[in-house]
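**Q** Quick note: the sequence shown uses full-length UniProt numbering, first residue 1, plus one each step. Just so it is clear, CB atoms sit at the ideal spot from N, CA and C, and this is done for glycine as well. I'd like to ask you about the structure that follows.
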Amino acid sequence: MSNFDLDALLAQRAEATGVEEGRIGFDFTARAGDHKGKKLTFSIRDNMSLSEDDWDELAEIREDSGASITDIAVFWMGEDEWERFVEAGGTPKMIVEVVVAKTREEVDTDSEGRPTRRNRSQRRAAGRKR
Numbered sequence: 001m002s003n004f005d006l007d008a009l010l011a012q013r014a015e016a017t018g019v020e021e022g023r024i025g026f027d028f029t030a031r032a033g034d035h036k037g038k039k040l041t042f043s044i045r046d047n048m049s050l051s052e053d054d055w056d057e058l059a060e061i062r063e064d065s066g067a068s069i070t071d072i073a074v075f076w077m078g079e080d081e082w083e084r085f086v087e088a089g090g091t092p093k094m095i096v097e098v099v100v101a102k103t104r105e106e107v108d109t110d111s112e113g114r115p116t117r118r119n120r121s122q123r124r125a126a127g128r129k130r
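Right, dumping it as structure tokens:
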């Protein structure tokens, strides 16, 4: 049995998800500020590139009763990116949505971008065969 080539797997994942230098980009049309109406590109941290310390930090934020959704958004974006996003009219909930959507996308597609889950009509057809 041959070994898995982790470098190849990570490269496939990066290509499928658009990860660059440990960050995943997304577009947002500014709703406020100097760039109102313009499409801007922002990024969040890629969960695959998080260190054990990063995961510990995120766990601490989640467990801290004084922490807010903004603290979570800042964790994923970083201070500078977060400030730029807020100036463009972004909100913490929007960042949570981006993180959830990227996670769902990774779970729902294989390394070649094909769906891993059946769509509704496929599920219904499979149910009729039973």
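Mind reading off the beta-carbon distance from Ala73 to Ala30? Whole number of angstroms is fine, and I expect it under 8 Å.
**A** The Cβ separation is near 17 Å, so there is no contact.
**Q** Provide the residue span of the beta strand (DSSP E) that contains Phe42, from first to last.
**A** Where Phe42 is concerned, the enclosing beta strand (DSSP E) stretches over 39-45.
**Q** Would you list, in sequence order, the uninterrupted alpha helix (DSSP H) runs of no fewer than 4 residues that lie entirely inside the stretch 1-32?
**A** Entirely contained in the stretch 1-32, the alpha helix (DSSP H) runs reaching 4 residues are, in chain order, 6-17.
**Q** May I ask which residues mark the beginning and end of the alpha helix (DSSP H) holding Asp53?
**A** That run of the alpha helix (DSSP H) goes 52-63.
**Q** Could you please give the first and the last residue of the uninterrupted alpha helix (DSSP H) stretch that includes residue 159?
**A** This structure cannot settle anything about residue 159, because the visible part of the chain is limited to 1 through 130.
**Q** With 16 as the cutoff for other CB atoms within 10 Å, does Ile69 come out buried or exposed?
**A** Label assigned to Ile69: exposed.
**Q** Hey, out of Ala67, Asp71, His35, Arg45, whose CA is closest to Thr103's CA?
**A** The option with the nearest alpha carbon to Thr103 is Arg45.
**Q** Anyone know if the C-beta pair for Glu106 and Thr17 falls short of 8 Å?
**A** Yes, the pair counts as a contact, with Cβ atoms nearer than the cut-off.
**Q** Beta-carbon separation of Trp76 and Ile61 under 8 Å?
**A** Against a cut-off of 8 Å, the Cβ pair of Ile61 and Trp76 comes out as no contact.
**Q** Take the Cβ of Glu81 as the centre, count every other Cβ of all protein chains shown within 10 Å, and call the residue buried at 16 or more, exposed below.
**A** Result: buried.
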